[in-house]
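Residue numbers (the numbering used here): 850 to 1073. By construction, the Cβ of each residue, glycine as well, lies at the ideal position given by its N, Cα and C atoms. Quick caveat, the model's predicted, so the values are computed rather than measured.
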């Protein structure tokens, strides 16, 4: 995913680039509002600070929306209700007040991109996904069946499995899973994720289906 960061503070931009890169995002940064429009063609999501040196961020947001449909998340220290309402009225898809949790930011990035799509016709995941080896995930019923029998999953277990299924065999990092399923990161997040994955493996009765990629995260693989 390609993220355009519009931020005039070099230190803030550098920290944000490092954090998003760890979440497997490609980051391009501009420090002025007038530099945004020429960069939109390559962006999947725009993170927009409002306190820019040349053009007010709200005006930049309006110009972005006039130019196309790329998702925009305002990331600003302006935290009043009126400011948030103005941001949304000017075309922002979401508004996050500084300081913020990086896990929450990542979750919101993925959420707005899912809602907006990637600019091309985008089909939602099929309600029923055959994971192979007799395992079927039914999003409509919020159930998992293994060899034809329903297997009860908690909401978080189901969300983890659905995220891995949507990745179609690609690795999902720990940070991404925690951000999308729990919406935030905390000191015990990795342990909580490991427990949920262990429980999933037990319920699937196919330990190899949720494969560990050491030091990175998890992926779905056919296996027993």
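Can you give the beta carbon distance from residue 886 to residue 876, rounded, assuming they're within the 8 angstroms contact cut?
With a Cβ gap of about 18 angstroms, residue 886 and residue 876 do not count as contacting.
Hey, how far is the Cα of residue 854 from the Cα of residue 896?
Whole-angstrom Cα-Cα distance: 5 angstroms.
Given a threshold of 16 other Cβ atoms within 10 Å of its Cβ, counted over all protein chains shown, does residue 955 qualify as buried or as exposed?
Under this definition residue 955 is a buried residue.
Going straight from the alpha carbon of residue 1013 to that of residue 929, what length do you get?
Cα-Cα distance, rounded: 37 angstroms.
Coarse secondary structure for residue 998, derived from DSSP in three states
The three-state reading of DSSP puts residue 998 in strand, counting E and B together.
Go to residue 860, then tell me how far its alpha helix (DSSP H) extends in each direction, as first and last residue.
First-last of the alpha helix (DSSP H) with residue 860: 859-871.
Using 8 angstroms as the threshold, is the stretch 984-995 in touch with the stretch 1027-1036, meaning 3 or more CB pairs across them?
Short answer: they don't touch.
Taking the alpha-carbon positions, what's the residue 861 to residue 922 distance?
Going by the C-alpha atoms only, they are around 16 angstroms apart.
Quick one: Cα of residue 1063 to Cα of residue 893, how far?
Roughly 29 angstroms between the two C-alpha positions.
Count the CB pairs spanning the stretch 1048-1056 and the stretch 998-1007 that are closer than 8 angstroms, and state whether there are at least three.
Enough Cβ pairs lie closer than 8 angstroms, so yes.
Return the residue from the list 981, 874, 949 that minimises the CA-CA distance to residue 927.
Measuring from the Cα of residue 927, the nearest candidate turns out to be 949.
Integer Cβ distance of residue 901 from residue 857, believed to fall under 8 angstroms
Rounded to the nearest angstrom, the Cβ distance from residue 901 to residue 857 is 6 angstroms, consistent with a contact under 8 angstroms.
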